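Throughout, this note's numbering is defined as the position within the sequence shown, counted from one, plus 8.
I have placed the structure first, in the form of structure tokens, so that the comments after it can refer back to it.
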Amino acid sequence: MLRTPVGMAAAGLLGAVLLLAVVAPLLWGGRADAVDTAHILAPASAEHWAGTDNLGRDIFFRVLVATRTSVWLALLSTGLGVAVGLLLGTAPLLLGPRLGRLVTAAVNIAVAFPGLLLALSFAVIFGAGASGAVPAIGLAIAPGFARLTQTLAATVAGRDFVAAARIAGVGRVRVLLRHVLPNIAEPLLVNATMAAGGSLLAFAGLSFLGLGVQTPGYDWGRLLGEGLNGIYLNPAAALVPGVAVVLAGLAFNLVGEAAAKAVGPRTATAPVRGASADVAAPAERRGADFAGVAGQDDAVLVVEDLTVSFGPVTPVRGVGFTLRRGEAVGIVGESGSGKSLTALAVAQLIEQPGHVAARRLEFLGDDLLRTPPRARPRLLGTSLAMVFQDPMTSFNPVQRIGRQLAEVAEQHLGRRRGPALARAVDRLRAVRIPGAARRARQFPHEFSGGMRQRAMIGMGLMGEPKLIIADEPTTALDVTVQRQVLSLLAEVRATDDVAVLLISHDLGVVEQVCDRVLVMYAGRFVEDLPVARLRDGARHPYTRALLGAVPDLATDRDQPLVVIPGRPADPAAPPPGCAFAPRCPLADDHCVRADPALVDDGSGGRVACWHADQRPEPVLSAATEGEGR
């Protein structure tokens with residue numbers, strides 16, 4: 009900021025104002041309060057640069073001395089406004105969705121009123137004087153600052169590293185202080201600086217109207233009001249305090265604007281992610297697909313009739329599966345089919361207005377839906393690891409990698425800071441990150457994409473995971489790094505007998521890592537089969553269409569690509585019967601009327617199709633926008 013002319017000038021001007029606020033009462037306090045009845049209401053002269061008041065006191069020195077009172081009261085009201093704004097703005101994170109919505113509604117109502125009107129209203133309530141003007145201006149600032157904080161906090165709270173912290177069992181207050189506020193501190197500080205300039209002007213206005221500083225005290229606003237009474241006799245008496253108000257307010261505002269320009273480009277490049285892209289629109293629940301799982305002692309995860317809904321919207325409709333110790337299961341399907349929501353429901357990361365229901369949702373024998381909320385983080389934080397899709401948003405950008413890994417050991421293993429950091433270095437070394445001790449002291453932006461993803465796996469290994477949920481962990485990586493990450497997952501699985509739930513669009517990735525494949529369409533599993541049978545034994549038309557739409561080295565480049573005609577089912581208006589029927593070449597009237605259940609096909613798999621034994625011809629078409637591939 010100081011490298012720019014505007015920034016340097018603004019910092020110099022603000023520094024001069026603050027210095028004057030400190031030294032002026034010490035140097036000229038006596039001269040400002042000296043009464044001289046021989047020179048009452050004297051005009052500006054060489055002896056009195058701005059003239060004198062009705063008691064013969066030098067106005068120029070009084071303006072200099074008033075700097076401390078004016079600036080101090082402005083900073084005090086700004087601090088109060090920022091503090092209240094932070095509390096209101098972070099209320100949705102601290103109090104939960106229900107109470108948070110009430111606070112948000114109150115803030116929205118307050119923002120609708122002009123700030124000056126709010127300040128005047130509060131000043132009347134709190135009474136005249138500095139003690140009433142400070143809370144009046146502070147509370148007038150708070151709604152705007154709260155709205156800004158809500159917007160910024162909601163953006164950060166939707167990122168993967170916050171979800172990872174919640175899985176690790178980090179409480180709401182700790183998430184706010186360690187993960188949310190540090191990432192929004194820059195714009196908040198910039199706006200607080202600019203708000204100080206506004207507070208200075210507002211305080212001068214209240215004092216000018218007689219609602220601020222009272223006699224015998226004085227500030228720039230009060231001096232301006234007194235000088236205005238004799239402006240025709242001595243214009244300087246009103247001009248000098250007015251210039252002081254303008255210069256000080258300009259100093260705060262220019263510093264804020266210069267700081268905003270300095271931090272703006274760096275902040276603007278930070279990746280922003282909202283909620284999961286798989287949160288779709290409404291659908292009706294039609295049946296439940298689950299397999300019998302009783303008596304499976306080696307089951308790590310048991311899911312029966314899992315439903316995820318958002319009010320009338322039901323993007324995941326009665327899915328079920330079992331994941332055994334050391335087993336790797338892949339979930340494939342087009343975007344919007346409900347893959348990520350299924351994983352988030354298992355990890356207990358669906359919040360209001362989302363609702364998770366299931367006939368059975370057990371992890372390591374514990375019923376997650378009946379386990380007290382306070383006990384879930386302890387279970388999931390040590391035994392479940394989540395590897396998110398975008399490695400750039402998987403880590404808090406303002407904390408070092410080692411500290412973020414060590415937090416898991418501190419929260420759940422009860423280790424002190426030193427041993428926790430030592431374990432973090434060991435886990436980074438275990439996921440084959442070279443120079444682990446040095447890398448642990450670096451920030452996420454200093455890691456490559458593949459290295460960040462490996463570090464995320466290392467974070468999952470800080471505890472003793474029995475299940476790793478990998479939500480498209482190789483999407484943002486090139487082929488070479490993708491192979492390294494997949495090999496690492498396979499190695500971790502083989503070494504510690506860890507179950508893996510892999511979500512991916514890439515059938516080749518699933519074939520490389522998994523033992524079993526779950527094909528998902530429109531919030532339901534339409535086929536469940538071993539990986540060995542994926543290429544030659546798939547029976548559902550959707551599964552075969554996905555396989556046919558993947559080009560390989562033998563694909564004729566002179567021919568149109570094989571595509572799945574039509575568009576994915578709209579959860580807001582699901583078709584009757586089989587959801588895939590509008591796109592299926594085998595569909596008939598029965599498919600439109602009745603939705604097939606996911607049943608055992610007699611060969612180690614399950615399929616939900618009325619024509620599973622028929623094979624459709626591939627559809628050849630030019631790839632156009634909106635067609636699924």
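Here a beta-carbon is modelled for each residue, glycine too, at the ideal position from N, C-alpha and C.
Here the structure is a predicted model, which means the values were calculated and not measured.
Nearest-angstrom Cβ-Cβ length linking residue 92 and residue 231, presumed shorter than 8 Å: That belief does not hold up - the Cβ atoms of residue 92 and residue 231 are roughly 29 Å apart, past 8 Å.
Top-ranked residue by Cα proximity to residue 487, from 462, 594, 517, 53: Taking only the C-alpha atoms, the option nearest residue 487 is 517.
DSSP state of residue 584 mapped onto helix, strand, coil: In the three-state reduction of the DSSP assignment, residue 584 falls in the coil class, being assigned neither a helical nor a strand state.
Environment of residue 622 [buried if 16+ CB atoms lie within 10 Å]: Looking at its Cβ environment, which holds fewer than 16 other Cβ atoms inside 10 Å, residue 622 is exposed.
Meets three-Cβ-pair contact criterion under 8 Å: the region 417-430 and the region 503-520: Per the Cβ contact rule, the region 417-430 is not in contact with the region 503-520 (fewer than 3 Cβ pairs under 8 Å).
Closest by C-alpha distance to residue 18, when choosing among 202, 377, 402: That would be 202, whose Cα lies nearest to the Cα of residue 18.
Per DSSP, cross-strand counterpart(s) of residue 507: DSSP, once it has assigned bridges, lists 475 as partnering residue 507.
Residue 339 (DSSP reduced to helix, strand or coil): Taken through DSSP and simplified to helix, strand or coil, residue 339 comes out as strand.
Cβ separation of residue 505 and residue 333, assumed to be a contact under 8 Å, to the nearest whole Å: Yes, residue 505 and residue 333 are in contact; Cβ-Cβ is about 6 Å, under 8 Å.
Supposed contact pair residue 529 and residue 345 - C-beta distance, whole angstroms, cut 8 Å: Right, their Cβ atoms sit about 5 Å apart.
Check whether residue 171 and residue 260 have beta carbons under 8 Å apart: Result no, Cβ atoms of residue 171 and residue 260 do not sit closer than 8 Å.
Residue from 246, 181, 183, 149 whose Cα sits closest to the Cα of residue 208: Closest option to residue 208, Cα to Cα, is 149.
First through last residue of the beta strand (DSSP E) which encompasses residue 313: 307-318 is the extent of the beta strand (DSSP E) around residue 313.
Selected residue, minimal CA-CA separation from residue 588, among 576, 407, 51, 40: Just measuring C-alpha positions, the residue of 576, 407, 51, 40 sitting nearest residue 588 is 576.
Buried/exposed call for residue 126, threshold 16 Cβ in 10 Å: So residue 126 counts as buried.
Sufficient close CB pairs (3 or more, under 8 Å) joining the region 412-421 to the region 483-502: No, because fewer than three Cβ pairs between the region 412-421 and the region 483-502 fall closer than 8 Å, the two stretches do not touch.
Those residues which DSSP pairs with residue 529 across a bridge: Partner(s): 532.
Residue 188 to residue 161 span [Cα, whole Å]: Distance between the alpha carbons of residue 188 and residue 161 is about 6 Å.
Closest Cα partner of residue 521 within the set 539, 527, 533, 534: The option with the nearest alpha carbon to residue 521 is 539.
Contact set for residue 451: own chain, Cβ-Cβ below 8 Å, skip 5 residues either direction: A distance below 8 Å between beta-carbons, with the five flanking residues on each side excluded, links residue 451 to the following residues of its chain, in chain order: 405, 406, 407, 408, 409.
Nearest residue (CA-CA) to residue 96, options 67, 75, 151, 87: Ranked by Cα distance from residue 96, the options 67, 75, 151, 87 are led by 151.
Where the alpha helix (DSSP H) through residue 39 begins and ends: Boundaries of the alpha helix (DSSP H) around residue 39: 13-41.
Cβ-Cβ separation, residue 82 to residue 211 (assumed contact under 8 Å), whole Å: Yes, they are in contact, since the Cβ atoms of residue 211 and residue 82 sit about 5 Å apart, within 8 Å.
Coarse secondary structure for residue 672, derived from DSSP in three states: It is not possible to answer for residue 672, since the shown part of the chain is limited to 9 through 637.
Enclosing alpha helix (DSSP H) for residue 113 [first to last residue]: Taken as a continuous stretch (DSSP letters only), the alpha helix (DSSP H) holding residue 113 covers 105-119.
Stretch pair the region 311-319 + the region 363-376: three plus CB contacts closer than 8 Å: Because the criterion of three Cβ pairs below 8 Å is met, the region 311-319 and the region 363-376 touch.
Proximity below 8 Å, CB of residue 58 to CB of residue 248: Inclusion of residue 58 and residue 248 in the CB contact set at 8 Å is warranted, their separation being smaller than that value.
Beta-carbon gap between residue 156 and residue 116 smaller than 8 Å: No, Cβ-Cβ distance for residue 156 and residue 116 is not below 8 Å.
6 Å Cβ shell around residue 35 - same chain, five flanking residues per side excluded: So the list is empty, once near-sequence residues are dropped.
Limits of the unbroken alpha helix (DSSP H) element including residue 223: No alpha helix (DSSP H) contains residue 223, which DSSP labels as neither H nor E.
Contact belief for residue 387 with residue 379 at Cβ below 8 Å, rounded distance in angstroms: Contact between residue 387 and residue 379 holds, since their C-beta atoms are separated by about 7 Å, short of 8 Å.
DSSP beta-bridge partners of residue 329: Under DSSP, residue 329 takes part in a beta bridge, and its partners are 311.
Bridge-paired residues (DSSP) for residue 394: Residue pairing for residue 394: DSSP places it in a beta bridge opposite 477.
Coil, strand or helix - residue 67 by DSSP: Correct three-state label for residue 67: helix.
Any 3 or more C-beta pairs closer than 8 Å across the region 65-79 and the region 35-51: The region 65-79, when compared against the region 35-51, does touch it at the 8 Å Cβ threshold.
Residue 135 versus residue 220: straight-line alpha-carbon distance, rounded: Taking the CA atoms as reference points, residue 135 sits about 9 Å from residue 220.
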